[in-house]
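Participant: In our numbering, each number is its position in the first sequence, counted from 1, plus 53. Every residue, glycine too, gets a C-beta built ideally from N, C-alpha and C. As the structure is a computational prediction, the values presented were derived from the model and not from experiment. Here you go, one structure.
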Amino acid sequence: MLYSQSFINTLRSNPKDETSINAKLLLRGGFIDKLMAGSYTFLPLGWRVYQKIEEIVRQEMNAIGGGEVLMPLLHPKDVWNETGRWGDKGVKEIMYQFKSVDDREYGLSFTHEEIFLDVVRKHSLSYKNLPVKLYHFSTKFRNEPRAKSGLLRGREFIMKDLYSLHSAEEDLDNFYWQVAGAYLKIFKRLGLENVKTVEASGGVFTSGHTHEFQVIHPVGEDTIYHCAKCDWAHNKEIHIHKIGAQCPECGGEVETASSIEIGNIFRFGTVYSEKMGVNFKNADGQLKPAYLGSYGIGMSRLVGVLAEMFNDDFGLVWPAAAAPFKIHLVSLGGAAPKAEKIYQQIAAESAEVLWDDRDESPGVKLSDADLIGAPYRIIISDKTLEKESVEVKRRESEKVEMVKLDNIVEWFKNI
RNA sequence: CGGGGUAUAGUAUAGAGGCAGUACGCGUCCAUGGGGUGGAUGUAGCGGCGGUUCGAUUCCGCCUACCCCGACCA
């Protein structure tokens, strides 16, 4: 992609009204734009990052048998009344509900259990049809009392939510842990190594215990208690042990940490199915309520989390899997014609190259490259051309490497 | 929702009860060409409503928006 044609506008100074690292860097780098508190536009760079993450999540959801769909965001009151959630105090606090000019009442989606159940119950289900596993990427609206921290807590954000319906509790349990495994795989692919699977309460969603996926980070809003030795972890809400106490699993020491929640999984059992009449025929021909699970990942929040975690004094340092471009090609001085050739050669192999073709000073181009944070920077200049070479540098490293012009395409094939 | 803070150009910032300034950005021109290069020139601004005043962007009040702490939290 050509820089000059890409609507990339970096800022020289930090925005005065943002203090969170992710908001500062993403705004400065031209990844996002703020409409209002908790509501951001993803600009071309930011959307590329989002799409990288989305594709990874999609692959892992498909791998566990999920079918991708897209459910509506505008919901009629009636379906929410069936579960009794429309009038629920906790729900009313976060759900945007309103009356239209036609005097009918609507709500904006903050989750999709009701809609998913409504979709599946319209078909005669037998145990042979189950499980059903559907997921989608879509906007969630939540009237947060306080939006904050850039992309970490918005009033409108993108979530991946997966819903599953089962004929037996054990089947739900199995799938529940299968999703947990897929989630850890996703986070690992994104470069998030130390994600804790934390036992927690279900908030407005369920009275049973659930599991959250938490990244340990100082800006986190959550507090978790986790074992220093094994995988045991509890959310503060349900935690009854003291710091320094022994882990109930392995006897190791319990530590506390701030963390950011990036995913959450729920087992609802048959509660909502009973309320909404979501039944299936078992092998004996009897109608039984189906078992529901739901599983979320905060997609847009994940962009913020990565920005928050992967940066330095000069800008973002994207993990390879989420970087908007793999290669940031900078041409200096009279090297533009050669740069164009290289650009075309690399672009022919993959679209993952951004060529800064602007007529700007070296300092501007190099600073912007740091700010944008692609994993590899290639410089081609009169100086490097004297050696028939380009300079290659990894974003997180100081070291530069000279690579012969003739070998550059091959070089990138092998990384 | 409670507490604290802020509001001047696209961005970041000065400023005074009486013509609003600087830097960056953006436009044009010249020079330059490996870490936000130098010079010339142009462009664009006091969040809203009300009060005090001859006169308010400045003082006062209210509102709104944004940020932070707390409460809350798929």
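Evaluate Cys283 with the Cβ neighbour count: other Cβ atoms within 10 Å of its Cβ, from every protein chain shown; 16 or more gives buried, anything less gives exposed.
Facilitator: Here residue 283 refers to the residue found at position 230 of the first sequence. By the neighbour-count rule (16 or more Cβ atoms within 10 Å), Cys283 is not buried but exposed.
Participant: Pick helix, strand or coil for Pro390, following the three-state DSSP scheme.
Facilitator: Reading the first sequence from its first residue, position 337 is the one you call residue 390. If DSSP states are grouped into helix, strand and coil, Pro390 belongs with the helices.
Participant: Please classify Trp230: is it buried, with 16 or more other beta-carbons within 10 angstroms of its beta-carbon, or exposed?
Facilitator: Against the first sequence, residue 230 aligns to sequence position 177. Trp230 should be labelled exposed.
Participant: Among residues of its own chain, excluding the 5 on either side of Ala400, which ones have a beta-carbon nearer than 7 angstroms to its beta-carbon?
Facilitator: Against the first sequence, residue 400 aligns to sequence position 347. Here the set comprises Val406.
Participant: Return the bridge partner residues of Gly244 from the DSSP annotation.
Facilitator: The residue you call residue 244 lines up with position 191 of the first sequence. DSSP, once it has assigned bridges, lists no residue as partnering Gly244.
Participant: Taking the Cβ atom as the reference point for each residue, do Ser312 and Ile277 lie within a distance shorter than 7 angstroms?
Facilitator: One-based indexing of the first sequence puts residue 312 at position 259. One-based indexing of the first sequence puts residue 277 at position 224. Yes.
Participant: From this set, Lys289, Phe84, Ser217, Ser326, which residue's C-alpha is nearest Pro184's C-alpha?
Facilitator: Here residue 184 is taken as the residue at index 131 of the first sequence, counted from 1. The shortest Cα separation from Pro184 among Lys289, Phe84, Ser217, Ser326 belongs to Ser217.
Participant: If you check the beta carbons only, do Lys213 and Val110 fall under 7 angstroms apart?
Facilitator: Here the question's residue 213 lines up with position 160 in the first sequence. Here the question's residue 110 lines up with position 57 in the first sequence. Yes, the pair counts as a contact, with Cβ atoms nearer than the cut-off.
Participant: Helix, strand or coil: which one does DSSP assign to Tyr429?
Facilitator: Along the first sequence, read from residue 1 onward, the residue named residue 429 stands at position 376. Correct three-state label for Tyr429: strand.
Participant: From the DSSP secondary-structure annotation, give me the bridge partner or partners of Gly322.
Facilitator: By one-based count along the first sequence, residue 322 stands at place 269. Paired residue(s): Leu345.
Participant: If contacts are defined as beta-carbon pairs under 8 angstroms, then Ser384 and Ile318 qualify, I think. What distance do you get, rounded to the angstrom?
Facilitator: Position 331 of the first sequence, counting from 1, holds the residue named residue 384. Position 265 of the first sequence, counting from 1, holds the residue named residue 318. Between Ile318 and Ser384 the Cβ distance is about 48 angstroms, and since that is not below 8 angstroms, they are no contact.
Participant: Using the three-state DSSP reduction, which class does Gln228 fall into: helix, strand or coil?
Facilitator: Walking along the first sequence from the start, residue 228 turns up at place 175. Checking the sequence shown, residue 228 turns out to be Phe, not Gln. Of the three classes helix, strand and coil, the one that applies to Phe228 here is helix, per DSSP.
Participant: If you follow the beta strand (DSSP E) that Glu483 is in, where does it begin and where does it stop?
Facilitator: The first residue shown for the chain is 54 and the last is 468, placing residue 483 beyond what the model contains.
Participant: Is Phe84 buried or exposed, if buried means 16 or more other CB atoms sit within 10 Å of its CB?
Facilitator: Numbered from its first residue, the first sequence carries residue 84 at position 31. Buried, because 16 or more other Cβ atoms sit within 10 Å of the Cβ of Phe84.
Participant: The alpha helix (DSSP H) spanning Thr437 covers which residue range?
Facilitator: Residue mapping note: residue 437 aligns to position 384 of the first sequence, counting from 1. First-last of the alpha helix (DSSP H) with Thr437: 435-439.
Participant: Less than 7 angstroms between the beta carbons of Tyr56 and Arg447, yes or no?
Facilitator: Here residue 56 is taken as the residue at index 3 of the first sequence, counted from 1. Here residue 447 is taken as the residue at index 394 of the first sequence, counted from 1. No, the pair does not count as a contact, with Cβ atoms beyond the cut-off.
Participant: Could you tell me whether the stretch 122-139 touches the stretch 322-342, where touching means 3 or more Cβ pairs closer than 8 angstroms?
Facilitator: Contact holds: three or more Cβ-Cβ distances are below 8 angstroms.
Participant: Does the separation of the CB atoms of Ala389 and Leu243 fall below 7 angstroms?
Facilitator: Position 336 of the first sequence holds residue 389. Position 190 of the first sequence holds residue 243. No, the pair does not count as a contact, with Cβ atoms beyond the cut-off.
Participant: In terms of alpha-carbon separation, which member of Asp224, Ile106, Asn182, Tyr180 lies closest to Gly346?
Facilitator: Stepping through the first sequence from its first residue, residue 346 is reached at position 293. Comparing Cα positions, the closest option is Asp224.
Participant: Buried or exposed: where does Gln267 fall if 16 or more other Cβ atoms within 10 Å of its Cβ makes it buried?
Facilitator: For the purposes of this step, residue 267 is taken as the residue at position 214 of the first sequence. Burial call: buried.
Participant: Take Pro198 as the anchor and find which of Val154, Gly143, Glu166 has the nearest alpha-carbon.
Facilitator: Taking the first sequence and counting its residues from 1, one reaches residue 198 at position 145. Measuring from the Cα of Pro198, the nearest candidate turns out to be Gly143.
Participant: Could you give the distance in angstroms between the alpha-carbon of Tyr180 and the alpha-carbon of Gly255?
Facilitator: As a working mapping, residue 180 is identified with position 127 in the first sequence. As a working mapping, residue 255 is identified with position 202 in the first sequence. The alpha-carbon atoms of Tyr180 and Gly255 are separated by roughly 28 angstroms.
Participant: Compute the distance between the beta-carbons of Leu382 and Ile431, then report whether it is under 7 angstroms.
Facilitator: Taking the first sequence and counting its residues from 1, one reaches residue 382 at position 329. Taking the first sequence and counting its residues from 1, one reaches residue 431 at position 378. Against a cut-off of 7 angstroms, the Cβ pair of Ile431 and Leu382 comes out as a contact.
Participant: Quick test of the definition: if touching needs 3 or more C-beta pairs under 8 angstroms, does the stretch 413-421 touch the stretch 391-400?
Facilitator: Judged by Cβ distances under 8 angstroms, the stretch 413-421 makes no contact with the stretch 391-400, as fewer than three pairs qualify.
Participant: Let me make sure I understand the geometry here. Which of Trp100, Glu158, Ile117 has the alpha-carbon closest to that of His128?
Facilitator: One-based indexing of the first sequence puts residue 128 at position 75. Here the closest residue by C-alpha is Glu158.
Participant: Leaving out the 5 sequence neighbours to the left and right, which residues in its chain are closer than 7 angstroms to Glu441 when beta-carbon positions are compared?
Facilitator: The count along the first sequence starts at 1 and reaches residue 441 at position 388. Result list for Glu441: Lys457, Leu458, in chain order.
Participant: Does DSSP classify Leu79 as helix, strand or coil?
Facilitator: In the first sequence, residue 79 corresponds to position 26, counting from 1. In the structure shown, Leu79 sits in a helix (DSSP, three-state: H, G or I).
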